[in-house]
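Every letter in the sequence shown is one number past the one before it in the UniProt record's numbering, and letter 166, counting from 1, is 166.
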Amino acid sequence: MEKRCYTMEECLRHARLIDVVFSWTLDDILNENLFNYQVPKIPKKFYSINHYMNSFFPALIEETHCDLYSSLLSVPQASFCEIRTMETSKEFDPPYDLFYKISLKNVTDEVYGVGKYEPEAGDLIAFTNIRPKSPDDLSRVKRYCHMAYVCGSKDEFTDEISILLSMEMHNNFDLRSNEAQKLYAVYLVNMITNVRIWKSLNSEMEGSSLNIIKKVLQPYSRMEQNCDTCLSGMNFGQSYSGVKSLIEVQNLNKSQEDAVASCLHMNKCHHNDPIKIIWGPPGTGKTTTVASMLFCLLKLRIRTVTCAPTNTAVLAVASRLHNIAKDSLEHGAYGLGDIVLFGNSKRMKIDSYKGLNEVFLDNRVDELLCCFSPLTGWKNSLESMIKLLKDPEEQYALYKNRVNAEVMPFEEFVSENYSHVKGSYFSYKKQCKYHCPVTMEEFVKKKYSYIVEQYDIYKDDEKLSVGMSMEHFLRQRFCLCGKKLKSFMTTLYTHLPTCLLPINEVAKIFRVLELLESLEVSMNQSKQKQAFHEYCEDRKVIFAWFGWLSLEKELLETLCYLSETIKLPRLTTKYGISQFCLKNACILLCTASSSSKLFTEGIKKVEFLVIDEAAQLKECESTIPLQLFGLKRCILIGDEKQLPAMVKSKIADRAEFGRSLFERLVMLGYKKHMLNVQYRMHPSISMFPSKEFYDKQLSDAEIVRENSYNKRFLEGNLFGSYSFINISKGKEQCNHDHSLKNVIEAAAICEIVGRLKKEFVRTKNKVSIGIISPYKAQVHEIQERVKQYMVSDPNFSVNVRSVDGFQGGEEDIIIISTVRSNLSGKVGFLSNGQRANVAITRARHCVWIIGNASTLVNSNSVWRKIVCDAKERKCFHNADDDKKLNQAIEDALFEFELLDDDSASAFNKLSMRDISESNTFSSKPLTLWRR
């Protein structure tokens, strides 16, 4: 029996995080305080690498426990599927490696959850023999929650999914795979990031280097020395003078230019700390600065990995870098092959970002796979065109002899060109315990669909029309080969790394494209058609239009040159091409967690690591990219004055598990280079954040100080650029999830949004509205009330999210609902200054803060300062001063009293419209009837 972990000390003895999870009983998981007082605070300084790595384990275990606890509470809403079969896999090796294979039942009914969920790698799933309606449904034998960890994706042929079973599930599972009782798999949580962090803390990754991690244990001893030799540029070399020009043309401000220059300076200067911190307050062009820096690193050929906590942040940088690179390229997309963006394509939604397919790894692999194909790719098309130009008469003779020839069978095509596939098929057959369920052709179609596509292309090439004249044949072959060549050449200069495709070869490629274009145009001219017939009659079988334009010889010579100089790697698998792209890229972009994919055998050294939004990345997660092979320099870009990484567990939060490396190094006194010009907020909005959070160092760019930036969206003093709207009659309520809402504030916001919509309909002026609240219940309440205005319209958008969900975003108008309304001044986590900073700084033109001024002033928090500041600046207004807003509040108060009064249960199901329109009551307006 697997030993149960009663204490954190026992948990830490396990080699794998999943073993820790499997050791918990259902009671353990549902015990919110299981590890209370067992998670020590993570220090600010460390005396060894072991001390550093080990400091994160207790909080990681507790956070994993809290994730699982939360998911169990949400089991009634969880996705699930029905299991058809379960049996041991060939890797099954008790007592620890309890690997099984499951297959899912195909369900056609419309029951929620069934058939909707397909387990993915990293998922933690629970088993039950009934459709779960509560956490208790997951415990039918003893007190254990029967769980499994999904190890990989579904098998293409058997539809089986590999899982690792907990010992308790293994001991209580009946192996009657086809006749077993009903069994459901319920999604709990995806653990892949936490598993990667665990491996990183154990230094289990291939080729991991601890060079940079050694530097972050304590304040570095040689912090920010001024090296006159380096700063003067004497140590930069000639290439850096060009980089200075590159920086200057990026249209950066002084602080941005200095930030980029200081980071590039790190590569040559060895006097300073190998870690650089760039401080980017809201709206200061942080993404632009990072992208400009990466572009310079690209030009300097410095291999760099750029990562961030989320896909959204990575995509923002990748998109900006792509735009900068495209604008500077002289030969089409040549040079983009040195940039690789990789990650989960479904979650990234690459198609919504214009142009990113040119640098996204999955797309690049597909393109190069076609190009590298032995029989239908670049080499074949190139040689076919050369033969056609050299001796068209011979090619026509071969055509006549080949017309009735049989096309190579599929299996022979695979065997001759993709030998690894044949071996893979035989290996698969050996794995099958019984008769192999698929033929080789079926095997290839499922696992290597791209080979089937190549075979179809090959067949199309071989299917030649019977009885073509020489003219018809030559035209057809020239057009076909030319079309393929143009496509493959575009693929080569777009997706190949520049180290495999020098600029002189690219120049030749573009000359070929020009020649092909000219020849195709000339083919359709009547004089050339006549010339062709004349030459045919004289039996001088050449392309008359080539000779007439004197281009045939140049085209042939250029193609022969490319055939000799361009040497493509012999790669015919997606994995092989993927590794080829990762190894040869100069700039790689991914999430911090996904950077674990770079720890593979034979990977090239990484010189620079750039972490964007570094203040939002847990320090333990940053240890993944910090161990990249060969890493010498690390640049952290972020703002610790905004929200840190989200931590669910209060216990782990007390241990400062959400603290970033960025924040800790700042605490230790590391110097920050500040981006000090903001381009987002109207000056009246930026005034308070600059004073409260940035020591008045944040200045306004010229663009936000122009009169045109001072936009008014509604009439009235309440709706200026910066406004606190006091609602003293607000009512805070607690919902079933212990989250708070305030229906009075929600009603007021609905009234404001309605008026904005009317104004939009009248003026047709584009406007985007963001509504922010720190509480989930209030977010839901507002969403329900304004959903009529959230219809898809590119010119009028309403976005309602929590503060955490809005970090990194911006809108024309931001409306903040503070929710809290009580006599004691309690505001809970609303008091967090970082949360207030994020909420206020999302706006471009207007911020309207809705709240109970008395409660906020009595809170003795940052919100007291906000209210007092608004009063001093005459930006404080009472909602009662606006008649329509006051009316909406009065109506909401009456609705609240009805719903909150037990004696009025008869009215609970009546909406305000029902009451006002009913003949039972007075036909006068509702507020008059109440009086």
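Here a beta-carbon is modelled for each residue, glycine too, at the ideal position from N, C-alpha and C. Bear in mind the structure is a predicted one, so any value in this text is a computation, not a measurement.
In this structure, residue 303 lies near residue 586, with their beta-carbon atoms less than 8 Å apart.
For residue 266, the secondary structure class from DSSP, reduced to helix, strand or coil, is coil. The Cβ atoms of residue 592 and residue 621 lie closer than 8 Å to each other. Distances from the alpha-carbon of residue 888 to those of 757, 659, 745 put 745 closest. Annotated three-state conformation of residue 189 is strand, per DSSP. Of all C-beta pairs linking the region 658 to 677 to the region 37 to 45, three or more are shorter than 8 Å, placing the two stretches in contact. Residue 189 sits away from residue 366, with the two beta carbons spaced by 8 Å or more. Of 297, 194, 216, the smallest CA-CA separation from residue 243 is found for 297.
Residue 123 carries a strand assignment under DSSP once its states are collapsed to helix, strand and coil. Assignment of beta-bridge partners to residue 340 by DSSP yields 588. Apart from the 5 residues on each side of it in sequence, residue 516 sits with its Cβ closer than 8 Å to the Cβ of 482, 485, 486, 555 in its chain, given in chain order.
Residue 300 and residue 339 have their C-alpha atoms spaced approximately 13 Å apart. Contact annotation: the region 304 to 321 does not touch the region 703 to 713, with fewer than three C-beta pairs closer than 8 Å. Looking only at 307, 159, 470, the smallest Cα-Cα distance to residue 589 is reached by 307. Three or more Cβ pairs closer than 8 Å define a contact, and the region 821 to 841 meets that threshold against the region 789 to 809. Around the CB of residue 640, 16 or more other CB atoms lie within 10 Å, so the residue is classed as buried.
Beta-bridge partners assigned by DSSP to residue 638: 279. With 16 or more other Cβ atoms from the protein chains shown falling within 10 Å of its own Cβ, residue 194 counts as buried. Taking a C-beta distance under 8 Å as the contact criterion, residue 477 and residue 388 qualify as a contact pair.
The continuous beta strand (DSSP E) containing residue 150 extends over residues 147 to 150. Between the region 743 to 759 and the region 859 to 878 there are fewer than three inter-stretch CB-CB distances shorter than 8 Å, so the stretches are not counted as touching. Residue 88 is bridged by DSSP to 100.
Linking residue 490 to residue 631 through their CA atoms gives a straight-line distance of about 33 Å. Nearest in C-alpha terms to residue 814, of all of 498, 635, 722, is 722. Unbroken beta strand (DSSP E) runs of no fewer than 3 residues, entirely contained in the region 286 to 368, are found at 304 to 308, 339 to 341, following chain order. In the DSSP assignment, residue 82 is bridged to 184. Beta bridge pairing from DSSP links residue 508 with no other residue. When the beta-carbon positions are compared, residue 634 and residue 274 come within less than 8 Å of each other. Selection 83, 135, 885, 54 evaluated against residue 756 yields 885 as nearest (Cα-Cα). For residue 633, DSSP records a beta bridge to 608. DSSP places residue 843 within a strand segment (E or B) once states are collapsed to three. Distance between residue 409 and residue 455, taken at the CA atoms: about 9 Å. Residue 636 and residue 356 have their C-alpha atoms some 24 Å from each other. With contacts defined as CB atoms closer than 8 Å, residue 676 and residue 158 fail to qualify as a contacting pair. In this structure residue 497 is in contact with residue 337, their Cβ atoms being roughly 5 Å apart against a cut-off of 8 Å.
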